[in-house]
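Just so you know, we're using the numbering used here here: the sequence shown kicks off at 15 and counts up by one.
Where a beta carbon is used, it is the ideal one built from N, C-alpha and C, also for glycine.
Right, one structure below, let's go through it.
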Amino acid sequence: TPAAGLPRKRRRPMVLEAKDWASMASDRSAGFLLTATAEPFTKLAARVGHDRALAFWRTSRDNRELLRRELLDLAPDRAALIDADFLPEGSWIASLKGTGQHQALEESAEVLRDEGFEIEWRGSEEVKAASGSDQLEGALFQPGDGGLDPVRLCRGLAALGLFEVRGGVRVRGGCPARARNNRRRGC
């Protein structure tokens, strides 16, 4: 779906699918529109470097916002272009007691807030009240995230012509992506 905005920037995106559109990679969200991953930012940064981890988080956030702004969110002057039952309720990355993840998540929240992300740290009492579980020590809360119906999203993209070359995005079926390289080759 991030490919949908690229034709306006004079890019020629292609989505590679192992089978047909919406059968594998382009329909793997399970209904979650999330920023980044469940791994704490600080652990990712330790593994790949601060700048690369930050670029990943920014790209993920920007893609989420592009999808929301262009297709999912209602605006005062128009309805959403795709009715995918988007529910902007935010997301939680919670730490289980005894796992040691609490500190990494809390530190991640601080670093990401300093980098301009809309992200909040929620303490154990607030997380317990929201979840009903006393096994959680705390959580990152990302208010811009949400849930949607991935099948309705893919059908909506197809209805808008975004899975066709004329819509600016090409989808190539029968082409499993096994690695990335910058050389032009067929499947």
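Helix, strand or coil: how does DSSP classify residue i here?
i, result
"L58", "helix"
"R136", "strand"
"A108", "strand"
"L101", "strand"
"E53", "coil"
"F70", "helix"
"G170", "helix"
"Q115", "helix"
"R83", "helix"
"G150", "One detail in the question is off: residue 150 reads as Leu in this sequence, not Gly. Looking at L150 - three-state DSSP - the assignment turns out to be strand."
Skipping 5 residues on each side, what residues in its chain have a beta carbon closer than 7 Å to that of residue i?
i, result
"E129", "L68"
"D99", "L162, D163 and R166"
"Q149", "L110 and K111"
Alpha carbon to alpha carbon, what distance is there between residue j and residue i?
i, j, result
"F55", "R75", "13 Å"
"Q117", "G161", "27 Å"
"R78", "G112", "32 Å"
"D91", "F155", "30 Å"
"G188", "S145", "42 Å"
"V125", "R66", "14 Å"
"R2", "V62", "The chain is shown from 15 up to 201; residue 2 falls before or after that span and cannot be answered."
"L171", "L85", "9 Å"
"C168", "L101", "16 Å"
"R216", "T73", "Limits of the chain in this structure are 15 at one end and 201 at the other, which puts residue 216 out of reach."
"R127", "H64", "14 Å"
"E103", "G114", "27 Å"
When you compare the CB positions of residue i and residue j, do they come within less than 8 Å of one another, or not?
i, j, result
"A44", "P164", "yes"
"A143", "W135", "no"
"S109", "E151", "yes"
"A153", "I107", "yes"
"E159", "L80", "In the sequence as displayed, the identity of residue 159 is Asp instead of Glu. Not closer than 8 Å, so no."
"L88", "L174", "no"
Who are the Cβ neighbours of residue i in its own chain at under 6 Å, not counting the five residues just before and after it?
i, result
"D97", "none"
"S105", "L48, Q156 and D159"
"K57", "A118"
Just checking my contact of residue i with residue j at CB under 8 Å: how many whole Å lie between their CB atoms?
i, j, result
"P157", "E132", "6 Å"
"L52", "W71", "According to the sequence as given, residue 52 is Ala; it is not Leu. So it is not a contact: roughly 13 Å between Cβ atoms."
So, at 8 Å on beta carbons, what are the nonlocal neighbours of residue i in its own chain, with the 5 sequence-adjacent residues on each side left out?
i, result
"G137", "G152"
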